[in-house]
Amino acid sequence: MTDILAPLKAASTTLTSPVVVALDNTSLDAALALADKLHPTLCRLKVGKELFTRSGPAIVQALQKRGFEVFLDLKFHDIPNTTAQAVMAAADLGVWMVNVHASCGYDAMALAKQRLVEGGYDTLLIAVTVLTSMNQQNLAQIGVNNELETQVSRLAQLTQKAGLDGVVCSAQEAKRLKTLCGDDFKLITPGIRLPEDNSDDQQRICTPKQALQDGADYLVIGRSITNSPDPTTKLQTILRSIDI
2 MTDILAPLKA ASTTLTSPVV VALDNTSLDA ALALADKLHP TLCRLKVGKE
52 LFTRSGPAIV QALQKRGFEV FLDLKFHDIP NTTAQAVMAA ADLGVWMVNV
102 HASCGYDAMA LAKQRLVEGG YDTLLIAVTV LTSMNQQNLA QIGVNNELET
152 QVSRLAQLTQ KAGLDGVVCS AQEAKRLKTL CGDDFKLITP GIRLPEDNSD
202 DQQRICTPKQ ALQDGADYLV IGRSITNSPD PTTKLQTILR SIDI
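One gets this note's numbering by counting positions in the sequence shown from 1 and adding 1 to each.
Here you go:
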């Protein structure tokens, strides 16, 4: 049987792809079946709340055994010590990246990063600014009267001040945040769709190429790949669209 990934595998022995495939809303078996159709030189994988709650550390370990770097997307939000301890537990799993909510505050973020540094961990720690499913009306409903862009910028700058490695943000905010926070501050952007894709429940979406041009460092892509009849071909199409 012909390996349709062979040309890309042969061309790359290290991970240069910015794509992080989201494995949310799947069982352990389904997630591993999908992972087996992909390759760790072509993408990283994101494990979210539902999958981790159903499968626990076993899913992270199984993906790592297949050679994938894992973004553990649990969005911790608690008092400082609890947040920091949760981040450390994720780092002990050997994940590539983990996140918190920036709205947990400076103290919680700074303490979590401090403990990672003191422990000698390489795990990237990032924060969520405003969920990409939210718009201005949604912010008002929870009592945030700032303009959406202002709120995102404020939380991103707080995250940087706390010493974290970057933020999750909409690609539509990437250009502004690169200007505010600099090139070394990583921007991880969900809500990525090809022009022909359904937007689903995302409000602030962008194409892969445009997101990278605007300053995104990593592209989180879920249903465009995971709901495709042929996830491998879809991933290849996305990589070609960004000249990889």
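Backbone N, C-alpha and C fix where the C-beta goes; we use that ideal spot for every residue, glycine too.
Can you give the Cα-Cα distance for L165 and A111, rounded to whole angstroms? 7 Å
Report back the beta-carbon spacing between V221 and I193 to the nearest angstrom; my notes put them in contact at under 8 Å. 7 Å
Taking its Cβ as the centre, do 16 or more other Cβ atoms sit within 10 Å of V22, making it buried, or is it exposed? buried
Express the C-alpha separation of T234 and L33 in angstroms, rounding to a whole number. Near 17 Å, if we compare the C-alpha coordinates of T234 and L33.
Confirm, please, whether the CB-CB distance from L126 to L140 is below 8 Å. no
Are there three or more Cβ pairs, one per stretch, closer than 8 Å when the stretch 179-191 is compared with the stretch 209-221? The stretch 179-191, when compared against the stretch 209-221, does touch it at the 8 Å Cβ threshold.
Reduced DSSP secondary structure (H/G/I, E/B, other) of I239: helix
Would you report the Cα separation of G95 and V20, rounded to the nearest angstrom? Straight-line spacing of the CA atoms in G95 and V20 works out to 19 Å.
Secondary structure at Y122, three-state DSSP: helix, strand or coil? coil
If you draw a straight line from the C-alpha of A90 to the C-alpha of K50, how long is it? If you draw a straight line from the Cα of A90 to the Cα of K50, it comes to about 15 Å.
For T17 and P41, I'd like the C-alpha separation in whole angstroms. 10 Å
To the nearest angstrom, report how far apart Q203 and Q115 are at their CA atoms. Any reading at Q203 must be qualified, since the residue scores a pLDDT of 48, below 50, and its modelled position is unreliable; the value itself is stated next. Their backbone Cα atoms lie some 33 Å apart in a straight line.
Assuming the contact rule is C-beta atoms closer than 8 Å, F186 and Q161 should be a hit. Round their C-beta distance to whole Å, please. 6 Å
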